[in-house]
Each structure stands twice: as structure tokens, then as C-alpha cells.
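Residue numbering for the sequence shown follows the working numbering, beginning at 6 and increasing consecutively.
Every residue, glycine too, gets a C-beta built ideally from N, C-alpha and C.
Before any comments, here is the structure.
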Amino acid sequence: MTKKEILLKKRYNSEKRFKLYGQFAICFALLFLFIFLFKIFSTGFTAFQKTLLKVDVTYDKELLYLDENPTLEDLKDADYYELALKSMADLDPNATEEQQNQLKRMVSYIFDTEIK
């Protein structure tokens with residue numbers, strides 16, 4: 006073998022190694038991408054779920070701070086959030102204070118607009 010052939014063989018071998026390293030790096034990156042995406046979707050999947058509770062709501066004038074004969078405008082302007090909290094607390098009257106607080110934390114901020 007001549008010196009040229011030896012150098013050419015070394016060059017081809019180094020090119021093969023370079024291609025192999027590149028393919029390995031791409032496979033390694035794809036593996037981490039799939040692991041990363043799987044982790045995101047497996048732990049974050051619950052963010053796309055919505056839980057609905059049917060709650061009986063008793064409209065109380067005292068909780069809404071309404072007059073004896075409220076107008077339609079008074080009903081629109083009333084604060085229904087306290088009514089929502091009371092309705093959630095009435096779900097389990099025998100609950101401890103901590104359990105009552107957990108129930109109240111389940112109330113969304115748009116709950117008052119839903120019960121209007």
C-alpha cells in the first residue's frame with residue numbers, strides 16, 4: 006500500500022466515525038426529546054381535565070345584601086361569591102374546618118357568574 010492509499014483509508018475511516026457519532030448524537034437527542042415530551046404530557050395531562058360539581062344553591066337575600074324587593078339591576082350587581090362559598094360549605098355540614106376550607110378552595114372565580 007502506498008502512502009496515499011493509507012491516508013485515504015484513514016480519511017474514510019474518520020468519515021465513517023464522524024457519521025456514526027452524528028447518528029448517535031441525533032438518536033440520543035431524539036431519545037431525550039421523547040422522554041421530555043412523555044414527561045410533560047403524562048404529568049400535565051390533568052391540566053386539560055375539568056371537574057364539574059352540581060351544587061344546590063339557595064338564594065339568600067341576606068348573603069347577597071339585597072333589599073326586600075330587589076330590582077333586576079340589584080340582582081345583576083349582587084356579589085354571588087359568598088353565596089357560592091356557602092353552597093360549597095353546605096355540601097358537607099359535618100366537615101372539619103380544614104375540610105371546609107378545602108371545599109371553599111374548589112370554588113372558581115367564575116362560579117358567581119355561573120349562578121347568576
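As assigned by DSSP and simplified to three states, the class of residue i
| i | result |
| --- | --- |
| I40 | helix |
| S19 | helix |
| L96 | coil |
| I120 | coil |
Residue i - containing alpha helix (DSSP H), residue span
| i | result |
| --- | --- |
| Y85 | Y85 -> no alpha helix (DSSP H), and no H or E assigned at all. |
| Q54 | Premise fails: Q54 is in no alpha helix (DSSP H) and is neither H nor E. |
| E103 | E102 to R110 |
| E67 | K66 to L69 |
Check whether residue i and residue j have beta carbons under 8 Å apart
| i | j | result |
| --- | --- | --- |
| L71 | D61 | no |
| D84 | L69 | yes |
| D97 | Q104 | yes |
Top-ranked residue by Cα proximity to residue i, from the options
| i | options | result |
| --- | --- | --- |
| R110 | I40, F53, A89 and Y64 | A89 |
| N106 | I120, I115, K91 and E119 | K91 |
| K81 | L57, Q54, A52 and E119 | E119 |
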